[in-house]
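Numbered continuously in this note's numbering, the sequence shown closes out at residue 150.
C-beta atoms are modelled at their ideal positions from N, C-alpha and C, and glycine is treated no differently.
Only a predicted model underlies this, so the values are computations on that prediction, with no experimental measurement involved.
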Amino acid sequence: MAVLSILLSTAVGFALLYLIKHVFYNKKPIAPLPPGPPPKPIIGNLADLPSPGQQDWVHWLKLKDTYGPISSITVLGQTIVIINDARIAFDLLDKRSNIYSSRPRMIFAGEMYSTAFHY
Numbered sequence: 032m033a034v035l036s037i038l039l040s041t042a043v044g045f046a047l048l049y050l051i052k053h054v055f056y057n058k059k060p061i062a063p064l065p066p067g068p069p070p071k072p073i074i075g076n077l078a079d080l081p082s083p084g085q086q087d088w089v090h091w092l093k094l095k096d097t098y099g100p101i102s103s104i105t106v107l108g109q110t111i112v113i114i115n116d117a118r119i120a121f122d123l124l125d126k127r128s129n130i131y132s133s134r135p136r137m138i139f140a141g142e143m144y145s146t147a148f149h150y
């Protein structure tokens with residue numbers, strides 16, 4: 032019984048240390064995000080997601096009316112940027128497609144199949 036309580040206490044302690052580290056010390060310097068509802072600790076804006084049975088577009092339209100055509104929410108540490116304007120979405124996806132659709136350079140594959148190797 033004592034071993035079980037020690038294991039349980041250790042697990043709870045590690046979980047608390049992880050949460051403290053994640054909440055207080057895992058702040059990365061990022062560019063300013065678009066406006067959005069203020070997140071709650073740990074869960075972020077989980078409560079601000081559309082409720083079951085509610086149409087998603089109606090929920091996000093309310094967010095557009097409150098915060099503008101571009102807004103952001105954070106759910107469990109993942110930041111989501113919401114674009115509610117067709118013209119802005121078109122500009123981002125069409126006019127800047129070369130930025131968003133780039134592929135990582137395949138350096139090794141390029142060296143392997145280049146004409147520099149003569150056998």
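So, helix, strand or coil for Ser102, using DSSP?
Under the three-state reduction of DSSP, Ser102 is assigned to strand.
Relative to the alpha-carbon of Gly99, which residue among Pro68, Gln86, Thr105 has its alpha-carbon at the smallest distance?
Out of Pro68, Gln86, Thr105, Pro68 has the C-alpha closest to the C-alpha of Gly99.
The beta strand (DSSP E) enclosing Ile113, as first and last residue numbers:
From DSSP, the beta strand (DSSP E) with Ile113 extends over 109-114.
Does DSSP classify Gly75 as helix, strand or coil?
Here Gly75 carries a strand assignment [DSSP, helix/strand/coil].
Quick check: the Cα distance between Thr17 and Ala33, rounded to an integer number of angstroms?
Coverage of the chain is limited to positions 32 through 150, which leaves residue 17 absent and any answer about it impossible.
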